[in-house]
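*Asks:*
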Amino acid sequence: MRYKNKRKKNRLFFVIVIFIAGVFIYGIFGAPRNILGGDQAKIQQALNDNEKYINDKTGGDHDSTKSYKHLVAIGDSVMLGAAKDMMDQMPGITVDAKESRQLFSIEAILKKGKVGEKVIIGLGTNGVFDEDTFVEEMDLLKDKKVYWINLCAPTTTWETSINETISEMGKKYNNLTIIDWKSEGSKHPKWFYEDQIHLNMEGRKGYAAFIKKSIDQ
């Protein structure tokens, strides 16, 4: 009798553990996915709209008093989301930004002859890069003035590593200026979607304004 009771207790304990584990797993993986799902749709729509805008517009009003026609911005989805705001705030700029872009894409863009006298780089969201890779890309840009946007992506595991690399490289190149997006973005958590990487409407305007301010200094 004691043995049967013990088995029942063990079985009940096992069921309770499974139930709690199920609730815990759903809480971690289920709920955030639903939250991110809503944001993901908004992010994707913004990326699609901006990609179309880039393709339809060749760089804004080159007759502006403050023209940025010699400036080319190369970036990933973070920059792509803010492309329209960048082009509106910096007339004449060329924005070449795509989803999932990696650092090694710079060479292919240079071969297309798109890059002017000044270049803004906004890459790193999609994976880590080391100093050797950074040096290779800077060698390709040795005759350009380069503005490198550091990373504000606290939900990635490589944000610190990339920003340390960018900071160290900033000390070694006279033609390189670091745009400290990490510090600026961290001051404005409401600029970001739930992933803490991509920017909402207010954030895109803030991102573009901060880059413009950094370039104009």
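Under the working numbering, the first residue of the sequence shown carries the number 26, and numbering increases by one thereafter. Think of the CB as a built atom: it goes at the ideal place given N, C-alpha and C, for glycine as much as any other residue.
Buried or exposed for K215, please, with buried defined as at least 16 other CB atoms from any protein chain shown within 10 angstroms of its CB.
*Replies:* For the purposes of this step, residue 215 is identified with residue 190 of the sequence shown, where counting begins at 1. Under this definition K215 is an exposed residue.
*Asks:* The ligand HEM heavy atoms versus the CB of I145: any closer than 7 Å?
*Replies:* Although the ligand HEM was asked about, the structure shown includes no ligands whatsoever.
*Asks:* Which whole runs of the alpha helix (DSSP H) in the stretch 204-234 are 4 residues long or more, in chain order?
*Replies:* You should have 206-211.
*Asks:* Go to A98, then tell me how far its alpha helix (DSSP H) extends in each direction, as first and last residue.
*Replies:* Taking the sequence shown and counting its residues from 1, one reaches residue 98 at position 73. Here A98 belongs to no alpha helix (DSSP H); instead the beta strand (DSSP E) covers L96 to G100.
*Asks:* Pick out whichever of W206, T182 and N175 has its Cα sitting closest to the Cα of E193.
*Replies:* Taking the first residue of the sequence shown as 1, we reach residue 193 at position 168. Here the closest residue by C-alpha is N175.
*Asks:* Where does L165 sit, in a helix, a strand or coil, going by DSSP?
*Replies:* The residue given as residue 165 occupies position 140 in the sequence shown. Residue state, collapsed to three classes: helix.
*Asks:* Under 8 Å, with one C-beta from each stretch per pair, do the stretch 134-147 and the stretch 97-107 reach the 3-pair mark?
*Replies:* The answer is yes - the stretch 97-107 touches the stretch 134-147, with three or more Cβ pairs under 8 Å.
*Asks:* Could you check where the beta strand (DSSP E) with D155 kicks off and where it finishes?
*Replies:* What you label residue 155 is simply residue 130 of the sequence shown in a count that begins at 1. Taken as a continuous stretch (DSSP letters only), D155 belongs to no beta strand (DSSP E), as it is neither H nor E.
*Asks:* Take the Cβ of A71 as the centre, count every other Cβ of all protein chains shown within 10 Å, and call the residue buried at 16 or more, exposed below.
*Replies:* To locate residue 71, count along the sequence shown from 1; it is residue 46. With 16 or more Cβ atoms within 10 Å of its Cβ, A71 is classed as buried.
*Asks:* What does the Cβ neighbour count give for K207, buried or exposed, with the cut at 16 atoms within 10 Å?
*Replies:* Along the sequence shown, read from residue 1 onward, the residue named residue 207 stands at position 182. Label assigned to K207: buried.
*Asks:* Relative to the C-alpha of E142, which residue among L165, G210, N225 and E124 is closest?
*Replies:* Mapped onto the sequence shown, residue 142 falls at position 117. If we check each option's Cα against that of E142, L165 comes out closest.
*Asks:* Excluding the 5 residues flanking D205 on each side, which residues of the same chain have their C-beta closer than 7 Å to its C-beta?
*Replies:* Counted from its first residue, the sequence shown places residue 205 at position 180. Counting only Cβ-Cβ distances below 7 Å, and skipping sequence neighbours, we find N175.
*Asks:* DSSP on G106, reduced to helix/strand/coil?
*Replies:* Residue mapping note: residue 106 aligns to position 81 of the sequence shown, counting from 1. Residue state, collapsed to three classes: helix.
*Asks:* In angstroms, rounded to a whole number, what distance separates the CA positions of A233 and V103?
*Replies:* Taking the first residue of the sequence shown as 1, we reach residue 233 at position 208. Taking the first residue of the sequence shown as 1, we reach residue 103 at position 78. Cα to Cα, A233 sits roughly 11 Å from V103.
*Asks:* Is the beta carbon of M115 sitting closer than 8 Å to the one on K237?
*Replies:* Taking the first residue of the sequence shown as 1, we reach residue 115 at position 90. Taking the first residue of the sequence shown as 1, we reach residue 237 at position 212. The answer is yes: Cβ separation under 8 Å.
*Asks:* According to DSSP, simplified to helix, strand and coil, what is I118?
*Replies:* By one-based count along the sequence shown, residue 118 stands at place 93. DSSP places I118 in coil when its eight states are reduced to three.
*Asks:* Would you mind sorting V140 into buried or exposed? The rule is 16 or more other CB atoms within 10 Å of its CB.
*Replies:* Walking along the sequence shown from the start, residue 140 turns up at place 115. Buried is the call here.
*Asks:* So K243 is in the alpha helix (DSSP H); what residue range does that whole segment cover?
*Replies:* The shown model of the chain, from 26 to 242, leaves out residue 243, and the question about it has no answer.
*Asks:* Determine which residues share a DSSP beta bridge with W173 and list them.
*Replies:* Here the question's residue 173 lines up with position 148 in the sequence shown. In the DSSP output, where bridge partners are listed per residue, W173 has I146 and I203.
*Asks:* Going by DSSP in three states, E124 sits in which element: helix, strand or coil?
*Replies:* Along the sequence shown, read from residue 1 onward, the residue named residue 124 stands at position 99. In the structure shown, E124 sits in coil (DSSP, three-state: anything other than H, G, I, E or B).
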